[in-house]
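Chains Y and S supply the protein sequences, listed in that same order. With the working numbering as the guide, the letters of the first sequence map in order to residues 6 to 220. With the working numbering as the guide, the letters of the second sequence map in order to residues 6 to 220. Using N, Cα and C, we set each Cβ at its ideal position, and we do this for glycine too. Quick notes on the structure that follows.
Protein chains: 2
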Amino acid sequence: MEKLTPKQQRVYDYIRDTLAATGAPPTRAEIAEALGFASANAAQAHLRTLARKGAIELGSRRSRGIRLLGGAPIGLDGPVANDDDHTDEGLAVIGRVAAGMPVLAVEHIERRVQVSQAIFSAPADYLLTVQGDSMTGAGILDGDLLGVRRTTDVREGQIAVFRLGDDVTVKRFHRDRDGIRLLAENPDYPDITVDAEADELALEGLAVGVLRAIS
Amino acid sequence: MEKLTPKQQRVYDYIRDTLAATGAPPTRAEIAEALGFASANAAQAHLRTLARKGAIELGSRRSRGIRLLGGAPIGLDGPVANDDDHTDEGLAVIGRVAAGMPVLAVEHIERRVQVSQAIFSAPADYLLTVQGDSMTGAGILDGDLLGVRRTTDVREGQIAVFRLGDDVTVKRFHRDRDGIRLLAENPDYPDITVDAEADELALEGLAVGVLRAIS
DNA sequence: TTGCCGACTGGATATATTTACAGCATGGAA
DNA sequence: TTCCATGCTGTAAATATATCCAGTCGGCAA
């Protein structure tokens with residue numbers, strides 16, 4: 006197969022993707038719109054060139070009559086997410102956490118979910134099932150799975166998972182001269198002011214992502 | 006998937022075979038000729054029945070807009086690995102969805118994400134990047150990846166992806182004696198009242214889940 | 001019997017799609 | 001410089017397709 010120019014390759018790729026996404030090849034007009042051409046004829050010219058070079062085959066007067074011939078298989082474009090370690094097992098989903106017990110204790114693992122770390126802002130170490138509506142304002146609803154990355158420090162304004170005495174909670178972190186406050190993102194819930202003396206505050210990890218089933 | 010009659014199965018098989026043989030689904034006329042019908046309308050009726058039973062999916066006014074749903078995916082010969090179905094390649098992230106003021110959406114696969122179907126309420130066929138804040142009340146924020154399952158019908162109250170003319174939007178479906186309305190979940194955004202006459206409303210699929218990176 | 005569904009025929013029509021024709025601009029090769 | 005390939009815009013016409021409407025027929029269940 007003769008070599009394709011970058012532009013021609015883009016047309017070829019679009020055909021391949023459309024085939025995969027819709028089950029049928031695109032029309033000239035669809036190609037033109039997708040690649041930003043004002044005229045479908047530009048796509049037509051490209052197709053003829055691709056056919057001449059042996060990358061595709063065109064059916065005469067046949068709507069969507071484009072067949073891929075070239076040998077380039079679909080590749081996982083983009084970077085492949087590299088997990089820290091246990092890629093195969095997926096992320097553990099943690100349910101309710103008993104008081105004082107380490108979050109990642111085996112007995113808390115309900116199941117495992119295979120998820121690419123690519124969808125998180127940073128690699129997650131486990132998933133936590135959110136309970137309650139205190140963070141709905143941040144788009145974190147009751148029942149959501151929260152991707153958590155274990156860290157030792159939080160920065161101002163970040164959403165993280167904290168342990169306050171016996172309770173594990175998700176809140177936005179805020180610290181100023183008056184001390185630390187854990188802010189809820191729901192007017193119906195009060196912010197939590199942490200009394201450095203009396204309360205025992207621990208950071209479980211940073212919230213790096215949310216997964217939710219919509220029914 | 007509802008059971009098919011022998012005749013319906015023959016139509017289904019012909020679509021599958023045509024897809025494998027030519028790289029594109031057949032037209033009504035081609036189906037009619039292949040199965041010996043004198044009228045393409047006979048094929049049309051069969052297709053509608055197949056769609057109703059969930060065996061295929063029909064694209065509105067789209068030439069060769071037939072998509073197989075039931076059973077094993079067919080091997081598009083040539084270099085095209087069929088997407089959709091799954092696991093190995095992950096879900097395709099397709100274009101952007103206007104969730105605020107409708108924005109022109111150019112459909113096109115941006116990347117792929119490995120996600121277990123288990124986190125969705127139903128298997129997703131692809132992921133769409135949400136654009137806009139009109140569904141924040143439902144915990145769907147700007148930039149979120151929305152898991153979409155291609156279907157042919159929505160039920161009252163479900164959140165789905167609609168195409169209104171050239172615009173793609175995520176909204177909650179509502180239908181009553183006055184007609185169809187697409188409800189935003191954000192007081193700052195107006196609900197969309199669909200004019201059955203003037204507007205061309207199409208269902209892209211059901212929202213089955215949300216993925217979001219928190220930074 | 002009545003009514004509904006699966007299976008068609010035939011004809012009409014609005015779109016969707018392909019394709020030809022006419023140009024324009026750029027850059028490399030002869 | 002001239003020729004040619006790449007890459008486009010724009011318009012129009014010829015076809016290909018999807019879809020709607022109006023009926024027909026036989027089987028089956030209420």
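Would you mind reading off the limits of the alpha helix (DSSP H) that contains residue i?
i, result
"E209(Y)", "Taken as a continuous stretch (DSSP letters only), E209(Y) belongs to no alpha helix (DSSP H), being part of the beta strand (DSSP E) at L206 to A218."
"L52(Y)", "A45 to R57"
"A34(Y)", "R33 to L40"
Going along chain S in order, which residues have a C-beta closer than 7 Å to the C-beta of residue i?
i, result
"I219(Y)", "S126, I164, A212, V213, G214 and V215"
"V118(Y)", "S121, A123 and I124"
Return the residue from the list the options that minimises the CA-CA distance to residue i.
i, options, result
"N191(Y)", "R154(S), V213(S), R180(S) and G144(S)", "G144(S)"
"D181(Y)", "T27(Y), R168(Y) and R160(Y)", "R160(Y)"
"E38(Y)", "I219(Y), P11(Y), R155(Y) and Y19(Y)", "Y19(Y)"
"L68(Y)", "D147(Y), I36(Y) and T32(Y)", "Here residue 68(Y) is Ser; the residue named in the question, Leu, does not match the sequence. Residue T32(Y) is the option with its Cα nearest to S68(Y)."
"A127(Y)", "T141(Y), R116(Y) and R154(Y)", "R154(Y)"
"G137(Y)", "V173(Y), T156(Y) and V118(Y)", "V173(Y)"
"D149(S)", "V135(S), T156(S) and G162(S)", "V135(S)"
"V16(Y)", "A29(Y), R66(Y) and I61(Y)", "I61(Y)"
"I71(S)", "T10(S), T156(S), P30(S) and L169(S)", "P30(S)"
"V199(Y)", "A43(Y), V120(Y) and K176(Y)", "K176(Y)"
"V130(S)", "D22(S), G210(S), D147(S) and Y194(S)", "Looking at the sequence itself, residue 130(S) is Asp, so the reference to Val does not match. Considering only alpha carbons, the answer is G210(S)."
"A189(Y)", "G162(Y), L206(Y), A207(Y) and D183(Y)", "G162(Y)"
"L74(Y)", "L146(Y), I197(Y) and R57(Y)", "R57(Y)"
"L24(S)", "D193(Y), T23(Y), D22(Y) and G28(Y)", "G28(Y)"
"R217(S)", "F125(Y), F42(Y), A43(Y) and D193(Y)", "F125(Y)"
Closer than 7 Å by beta-carbon distance: list the chain Y residues that pair up with residue i, in chain order.
i, result
"G95(S)", "S121"
Quick one: list the residues of chain S neighbouring residue i, beta-carbon separation under 9 Å, in chain order.
i, result
"S65(Y)", "Within 9 Å Cβ-Cβ: nothing; S65(Y) doesn't reach chain S, min ~13 Å."
"P30(Y)", "G28, A29 and R69"
Residue i versus chain Y: which residues are under 8 Å apart at the beta carbon?
i, result
"Y19(S)", "Correct list: empty, because the minimum Cβ distance to chain Y is about 15 Å."
Give the residues of chain Y in contact with residue i, contact being defined as C-beta atoms less than 9 Å apart.
i, result
"L73(S)", "G28"
"Y131(S)", "A26"
Whole-angstrom Cβ separation of residue i and residue j, contact assumed at under 8 Å?
i, j, result
"L55(Y)", "Q13(Y)", "6 Å"
"A97(S)", "A26(Y)", "6 Å"
"I185(Y)", "L132(Y)", "Contact doesn't hold; Cβ gap of about 26 Å is too wide."
"I219(Y)", "A123(S)", "Wrong, their Cβ atoms sit about 14 Å apart, outside the cutoff."
"S121(S)", "V118(Y)", "5 Å"
Go to residue i, then tell me how far its beta strand (DSSP E) extends in each direction, as first and last residue.
i, result
"G152(S)", "L150 to R154"
"F167(S)", "I164 to L169"
"T174(Y)", "D172 to D181"
"L96(Y)", "L96 to I99"
Q.
Using a Cβ-Cβ cutoff of 9 Å, what residues of the segment 138-153 of chain S are near chain Y? List them in chain order.
A. Those residues of the segment 138-153 of chain S placed with their C-beta closer than 9 Å to a C-beta in chain Y are T141, G142, A143, G144, I145, L146, D149, L150, L151 and G152, ordered along the chain.
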